[in-house]
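Residue numbers (UniProt numbering): 1 to 399. Glycine included, C-beta positions come from ideal geometry on N, C-alpha and C. Treat the numbers as computed from the prediction; the structure is a model and nothing was measured. Input: a single structure, listed below in structure tokens.
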Amino acid sequence: MKLAASFATLVALVPFAAAQSPVWGQCGGIGWTGPTTCAAGSTCTVSNPYYSQCLPGSSAPPPPSSSPSSPTSSSPGSSPTGPATKLNAAAVAAGKKYFGSATDNNELSDTAYVNILKDGQQFGQITPANSMKWDATEPNRGQFTFTGGDQIANFAKANGQLLRGHNCVWYNQLPGWVTNSGFNSSTLSSVVSTHCGTVVGHYKGQAYAWDVINEAFNDDGTWRSDVFYNTLGQAFVPTAFQAARAADPDAKLYINDYNIEGPGAKANAVSNLVSTLKAQGVPIDGIGVQAHLIVGQLPNLAQQLASFGSLGVEVAITELDIRTTLPASSATLQQQQRDYQTVIAACKGVAGCVGVTVWDYTDKYSWVPNTFSGQGAACPWDQNLQPKPAVQGILNGWA
Ligand code: G3I
1 MKLAASFATL VALVPFAAAQ SPVWGQCGGI GWTGPTTCAA GSTCTVSNPY YSQCLPGSSA
61 PPPPSSSPSS PTSSSPGSSP TGPATKLNAA AVAAGKKYFG SATDNNELSD TAYVNILKDG
121 QQFGQITPAN SMKWDATEPN RGQFTFTGGD QIANFAKANG QLLRGHNCVW YNQLPGWVTN
181 SGFNSSTLSS VVSTHCGTVV GHYKGQAYAW DVINEAFNDD GTWRSDVFYN TLGQAFVPTA
241 FQAARAADPD AKLYINDYNI EGPGAKANAV SNLVSTLKAQ GVPIDGIGVQ AHLIVGQLPN
301 LAQQLASFGS LGVEVAITEL DIRTTLPASS ATLQQQQRDY QTVIAACKGV AGCVGVTVWD
361 YTDKYSWVPN TFSGQGAACP WDQNLQPKPA VQGILNGWA
């Protein structure tokens with residue numbers, strides 16, 4: 001009887017519809033009246049009672065094993081993988097699409113690292129830290145190589161994890177043939193369009209989202225002086241977005257930047273550009289807030305994420321880490337726990353914020369010490385793959 005009643009309720013909540021949802025499309029949830037079956041190669045997966053989504057593959061991460069509001073451990077460090085409640089499970093229970101991590105190809109031969117990364121309840125989304133960038137994917141004009149990117153895309157697929165493509169157009173990690181050829185505007189426009197179209201097209205149907213434009217602004221809100229802006233002015237932006245949309249109509253297309261986590265000139269520049277692009281009908285779906293932050297020095301993320309969300313685009317925290325001076329003291333790690341909690345709670349509190357990605361989950365593979373001498377300990381897991389207090393901070397933020 002009870003089973004029949006539940007089934008009847010479910011049927012009432014999710015009416016039958018003949019059409020299929022595309023990959024990444026909604027396929028169910030309370031109040032949903034659209035299609036409830038998915039395009040071939042994807043499976044309708046419950047994210048929360050209000051949202052089911054067609055995820056690529058035939059299986060997806062199982063639902064959370066316990067309530068995020070009552071973590072079973074308050075002392076991370078007691079097990080190699082941390083508290084029993086896991087980070088992606090907690091994010092999904094909070095109504096978000098994912099909690100994820102960046103990774104890199106060389107890290108995938110580290111078995112202990114992979115054993116944590118592949119857990120879909122811990123990480124529901126993966127971003128390649130380097131292998132989809134321009135120097136990796138088109139090292140010579142018209143010669144595309146996807147070996148590294150494919151390895152990470154396949155890893156995500158095998159583990160039922162969403163993929164964020166990173167990135168199409170960035171001033172950094174560019175091959176010399178782009179920066180040094182002296183292309184005129186017409187040729188460079190074609191080069192940008194071909195690159196974005198080919199790379200995004202290669203992963204068609206596999207990427208939840210793409211960082212189409214990365215780090216286009218200076219901190220004062222002026223345009224960055226690089227080969228794209230200096231040759232094409234702002235026109236490289238719509239060119240890239242249009243090529244990406246044509247190549248994969250279902251991928252969410254983002255502009256991504258750092259130092260836009262709180263109000264300021266750079267955040268305003270991104271807001272103004274997004275408003276202009278939307279008014280012009282340029283296909284842009286999201287703002288990526290990188291969030292390379294410093295312990296004890298958080299900007300007002302809650303205010304800025306809400307402001308970005310009010311533009312009618314989705315928002316994601318795309319590269320979160322919170323660094324400190326080394327060695328990190330116990331007091332610093334406690335403050336870092338509070339800071340991680342604050343960042344996650346800011347995303348949780350903004351309807352348009354779809355998820356959070358850490359820029360690798362472990363200090364073992366963090367980019368920070370290579371760039372900021374004497375700083376590090378920025379990730380939620382330490383050098384030895386042991387969870388830090390930050391893991392509990394993330395859980396507290398989603399609760
Ligand atoms: O591939 C070469 C390898 O052949 C060589 O032996 C080795 C020697 O140093 O360098 C390797 O390249 C390194 C590459 O990472 C791959 O490991 C580069 O030196 C190194 O500079 C590069 O750093 C990456 C950085 O972007 C480049 O700007 C980091 O791993 C990556 O995490 C970082 O990611 C960026 C995001 O894309 C954008 N936002 C900021 C973020 C952090 O800087």
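Short Cβ contact (8 Å threshold) for residue i with residue j
{"i": "G309", "j": "C379", "result": "no"}
{"i": "T239", "j": "S193", "result": "yes"}
{"i": "L162", "j": "G124", "result": "yes"}
{"i": "A346", "j": "A390", "result": "no"}
{"i": "A316", "j": "G281", "result": "no"}
{"i": "F241", "j": "V199", "result": "no"}
{"i": "L385", "j": "K364", "result": "yes"}
{"i": "Q297", "j": "G262", "result": "no"}
{"i": "I344", "j": "V358", "result": "no"}
{"i": "L253", "j": "P283", "result": "yes"}
{"i": "N214", "j": "N256", "result": "yes"}
{"i": "F183", "j": "T147", "result": "no"}
{"i": "A94", "j": "W381", "result": "no"}
{"i": "T103", "j": "D360", "result": "yes"}
{"i": "Q290", "j": "Y258", "result": "yes"}
{"i": "A244", "j": "W210", "result": "yes"}
{"i": "E314", "j": "G286", "result": "yes"}
{"i": "F236", "j": "V169", "result": "yes"}
Exposed unless 16 or more other CB atoms sit within 10 angstroms - verdict on residue i
{"i": "A158", "result": "exposed"}
{"i": "D220", "result": "exposed"}
{"i": "S189", "result": "buried"}
{"i": "G165", "result": "buried"}
{"i": "K348", "result": "buried"}
{"i": "Y98", "result": "buried"}
{"i": "P83", "result": "buried"}
{"i": "S329", "result": "exposed"}
{"i": "Q122", "result": "buried"}
{"i": "K204", "result": "exposed"}
{"i": "A351", "result": "exposed"}
{"i": "N154", "result": "exposed"}
{"i": "P61", "result": "For P61, the pLDDT reaches just 41, beneath the cut-off of 50, and the residue's location in the model is therefore unreliable, leaving the point undetermined."}
{"i": "P327", "result": "exposed"}
{"i": "S131", "result": "buried"}
{"i": "Q383", "result": "exposed"}
{"i": "G149", "result": "buried"}
{"i": "G197", "result": "buried"}
{"i": "S74", "result": "Note that S74 scores a pLDDT of 34, beneath 50, so its modelled location is shaky and nothing firm can be said."}
{"i": "L395", "result": "buried"}
{"i": "G31", "result": "Its pLDDT being 44, under 50, G31 is placed unreliably in this model, and the coordinates cannot settle the point."}
{"i": "G312", "result": "exposed"}
{"i": "N140", "result": "exposed"}
Assigned secondary structure, residue i (DSSP; H/G/I helix, E/B strand, else coil)
{"i": "D150", "result": "helix"}
{"i": "F372", "result": "coil"}
{"i": "I30", "result": "No answer about I30 holds up, because its pLDDT of 42 lies below 50 and its placement is not dependable."}
{"i": "P128", "result": "strand"}
{"i": "T222", "result": "coil"}
{"i": "A89", "result": "helix"}
{"i": "V227", "result": "helix"}
{"i": "D321", "result": "strand"}
{"i": "D382", "result": "coil"}
{"i": "A390", "result": "helix"}
{"i": "F144", "result": "coil"}
{"i": "S21", "result": "strand"}
{"i": "E261", "result": "coil"}
{"i": "S42", "result": "strand"}
{"i": "V356", "result": "strand"}
CB-CB length for residue i against residue j, believed under 8 Å
{"i": "V114", "j": "V178", "result": "Rounded, the Cβ-Cβ distance is 33 Å, inconsistent with contact."}
{"i": "I152", "j": "P175", "result": "20 Å between Cβ atoms; not a contact."}
{"i": "R323", "j": "G376", "result": "6 Å"}
{"i": "V295", "j": "Q336", "result": "5 Å"}
For residue i, the first and last residue of its enclosing alpha helix (DSSP H)
{"i": "S189", "result": "185-202"}
{"i": "R338", "result": "330-348"}
{"i": "N167", "result": "Careful: N167 lies outside any alpha helix (DSSP H), inside the beta strand (DSSP E) at 162-169."}
{"i": "G309", "result": "301-309"}
{"i": "A279", "result": "265-279"}
{"i": "D135", "result": "134-137"}
{"i": "G120", "result": "Unbroken run through G120: none, as it is neither H nor E."}
N- and C-terminal bounds of the beta strand (DSSP E) containing residue i
{"i": "G247", "result": "One detail in the question is off: residue 247 reads as Ala in this sequence, not Gly. From DSSP, A247 is part of no beta strand (DSSP E) but of the alpha helix (DSSP H) over 236-247."}
{"i": "K252", "result": "252-257"}
{"i": "A103", "result": "The question names Ala, but residue 103 in the sequence shown is Thr. Looking at the DSSP string, the run of the beta strand (DSSP E) that includes T103 is 98-103."}
{"i": "N214", "result": "209-214"}
{"i": "I294", "result": "292-294"}
{"i": "G182", "result": "Premise fails: G182 is in no beta strand (DSSP E) and is neither H nor E."}
{"i": "G352", "result": "Neither: G352 is in no beta strand (DSSP E) and is coded neither H nor E."}
{"i": "G286", "result": "286-289"}
Any C-beta of chain D under 8 Å from that of residue i
{"i": "A306", "result": "The question asks about chain D, but that chain is absent: this structure has only one protein chain."}
**Asked** When a residue counts only if its C-beta is closer than 5 Å to some heavy atom of the ligand MG, which residues count, in chain order?
**Response** Absence of the ligand MG is noted for the structure shown, with the ligand G3I being the only ligands found.
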